[in-house]
Structures are given as structure tokens and as C-alpha cells.
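Structure record follows, encoded as C-alpha cells.
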Amino acid sequence: MTAAEYGDPYAVLRPVRSGNTFEETIEHLLQAIRVGLFPPGQKLPAERELAEHLGVSRATLREALAELQQAGFLDIRRGRHGGTYVLEARDAGRQGSVPLEPAQRQDVLVFREVLEPAAAELAAQAQLSTSAREHLLACLADLESADRGSYRARDSRFHIAIAELSGSQSLITAVTDTRARVSALLDEIPLLPANLEHSNEQHLAITEAILDGDGARAKSLMIDHLQGTASLLRGFLT
1 MTAAEYGDPY AVLRPVRSGN TFEETIEHLL QAIRVGLFPP GQKLPAEREL
51 AEHLGVSRAT LREALAELQQ AGFLDIRRGR HGGTYVLEAR DAGRQGSVPL
101 EPAQRQDVLV FREVLEPAAA ELAAQAQLST SAREHLLACL ADLESADRGS
151 YRARDSRFHI AIAELSGSQS LITAVTDTRA RVSALLDEIP LLPANLEHSN
201 EQHLAITEAI LDGDGARAKS LMIDHLQGTA SLLRGFLT
């Protein structure tokens with residue numbers, strides 16, 4: 001991944017495979033919205049650009065965008081200042097979110113505990129460029145300044161940023177997929193001020209370990225962080 005790609009949604013938003021192009025276009029766009037790659041209020045890229053990246057026709061993309069507007073996720077505006085904008089999460093409802101069974105929730109959390117500590121370790125071991133380091137610090141600063149409405153989207157972007165620094169596109173994809181499922185779970189539980197404060201302390205420590213090049217510490221800190229989140233989810237959702 002080049003320096004210019006850090007924080008670029010296209011580095012994470014995958015092209016659609018042949019076959020169920022409409023359904024996969026819906027899936028990929030919703031995933032990008034849910035993990036905060038396209039945050040509320042943001043204008044989506046131009047149709048031509050987005051269709052080319054996804055590898056679908058503009059007709060398929062327009063059909064998908066229209067359905068997501070109908071479902072309350074997007075606002076398509078016409079005219080001189082038109083475009084497609086992401087709606088606030090509270091306006092989007094819970095369409096498309098299927099509750100997970102306890103065994104499925106546990107599977108997601110276990111898989112996440114394998115992926116993200118490995119990503120943190122690899123990021124710490126990488127020879128990070130100045131722009132890569134600045135990107136991680138910028139994501140951390142955005143997260144620390146987040147209000148309750150934007151916290152979870154920025155939290156997702158921070159965790160995905162760590163995966164980006166690992167240099168593994170497969171790991172980036174896996175972390176993004178898992179993060180989307182975890183975000184759906186987190187949306188079902190309240191934001192607790194004490195937990196947010198603790199999480200921010202952990203995020204800072206993880207960032208420092210990565211920038212210090214300490215892979216073992218970055219991995220250990222990430223495991224602790226994820227286990228805390230898993231405990232909350234099990235407590236509220238079991």
C-alpha cells in the first residue's frame with residue numbers, strides 16, 4: 001500500500017465479483033458506511049468513479065444507490081449541488097442488520113481476537129513512512145475528539161488504520177469484514193463514559209507501541225483491549 005492510499009476508502013472497499021453484482025454492491029456499500037469509511041454527511045464519490053472501482057455498471061450502481069436511499073441509508077440529491085450523501089445512523093434505521101445467535105457472536109469475537117492483534121504486531125514491525133505514522137496519529141486524534149454520535153465510526157477507522165499499516169491487503173479486508181459485524185453488535189449496547197475513557201487510554205497505548213516498533217507489546221495491548229470489548233458485549237447481549 002502506498003502512502004497516498006492510507007485512509008483511502010478505496011483501499012478497503014473491494015471490487016464486486018462477477019455473479020450477484022447487485023447484491024454484492026449493496027453489501028460492500030453498506031459495509032463501508034457501517035465501519036465509517038463513508039461517515040454520515042459525506043458525499044459519495046461520483047457514480048462513474050465508484051462504479052469503475054466496484055467493477056459494476058453504472059446502471060447496477062444506480063439501482064443499488066436507489067435501494068439504499070429507500071432503506072434510509074443515503075440521500076440522493078439532484079441539481080447543481082446534487083450528489084449522494086450518507087445519512088446519520090439514527091436516520092438509517094436497522095434495515096439489513098440481522099441479529100446474531102450467541103454462537104455466531106462468539107465466533108466473530110474469537111476471530112477478531114486472532115486478526116487484530118496480528119495486525120497491530122505487523123504494523124509495529126513494519127518500516128512505517130512518515131505519512132503512515134501521521135495517518136495513525138490523525139485517526140487517534142479524531143477518535144479522542146469524537147462525540148457520542150461519531151465515536152463508533154471513528155473507532156472503526158482507527159482499527160482499520162492499524163490493519164492498513166500491516167501492509168497486508170488480505171488482512172485489511174478481513175479486519176474490515178469483521179469490524180462491520182462487530183459494529184453491528186456494538187450498536188446494540190450503550191456507550192458507557194467510563195468504558196470510552198478506558199478505551200481511549202488503550203488506543204493511545206497501542207498507538208505508542210506501534211510507533212515504537214514494539215510488536216509484542218502492541219499485540220498484547222490489542223488483546224487486552226479486544227477482551228474488554230468482548231466482555232461488554234457478552235454482558236449486555238447474553
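Be aware that the sequence shown starts at 1, since it is given in full-length UniProt numbering, and climbs by one per residue. Ideal Cβ positions, reconstructed from N, Cα and C, are used throughout, including at glycine.
Residues near residue i in its chain [Cβ-Cβ closer than 7 Å; skip 5 each side]
i, result
"Phe38", "Pro9, Ala32, Leu44 and Val86"
"Ala153", "Gly36 and Pro39"
"Val56", "Val16, Thr21 and Thr25"
"Ala209", "Ala124, Arg217, Ala218 and Leu221"
"His203", "Leu140, Leu143 and Phe158"
"Arg148", "Leu191"
"Leu65", "Leu74, Ile76 and Thr84"
"Ser178", "The sequence given here places Thr at residue 178; Ser does not occur at that position. Once the five neighbours on either side are set aside, the close Cβ partners of Thr178 are Val108, Phe111, Arg112 and Leu115."
6 Å Cβ shell around residue i - same chain, five flanking residues per side excluded
i, result
"Pro117", "Lys219, Met222 and Ile223"
"Gln104", "none"
"Leu122", "Ser166"
"Glu113", "Leu226"
"Phe236", "Ile189"
Other residues of its chain near residue i: CB distance less than 8 Å, five sequence neighbours each side excluded
i, result
"Ile206", "Ala120, Ile162, Ala218, Leu221, Met222 and His225"
"Arg62", "Glu47"
"Ala51", "Ser57, Arg58, Thr60 and Leu61"
"Asp214", "Ala124"
"Gly82", "Ile76"
"Leu88", "Residue identity check: residue 88 is Glu in the sequence provided, not Leu. The answer, listed in chain order, is Pro40, Gly41 and Gly149."
Continuous beta strand (DSSP E) stretch holding residue i: start and end
i, result
"Gly83", "Gly83 to Val86"
Residue i, enclosing alpha helix (DSSP H) - first and last residue
i, result
"Asp224", "Gly215 to Leu237"
"Glu101", "Premise fails: Glu101 is in no alpha helix (DSSP H) and is neither H nor E."
"Asn20", "No alpha helix (DSSP H) holds Asn20; DSSP gives it neither H nor E."
"Leu128", "Premise fails: Leu128 is in no alpha helix (DSSP H) and is neither H nor E."
"Arg181", "Gln169 to Leu186"
"Ser156", "Tyr151 to Ser166"
Where residue i falls: helix, strand or coil (DSSP)
i, result
"Leu74", "strand"
"Gly93", "At Gly93, the pLDDT of 43 sits below 50, so the modelled position is not reliable and the matter cannot be decided from this model."
"Ala3", "Note that Ala3 has pLDDT 38, beneath the 50 cutoff, so the model's placement of it is unreliable and the number below is only indicative. Note: Ala3 maps to helix in three-state DSSP."
"Asp142", "helix"
"Ala209", "helix"
"Leu192", "coil"
"Pro117", "helix"
"Arg112", "helix"
"Leu204", "helix"
"Leu13", "coil"
"Arg148", "coil"
4-residue-minimum alpha helix (DSSP H) runs that sit fully inside the region 28–79, ordered along the chain: 47–54 and 58–70
Report yes or no: do the region 106–113 and the region 186–203 share at least 3 C-beta pairs separated by less than 8 Å? no
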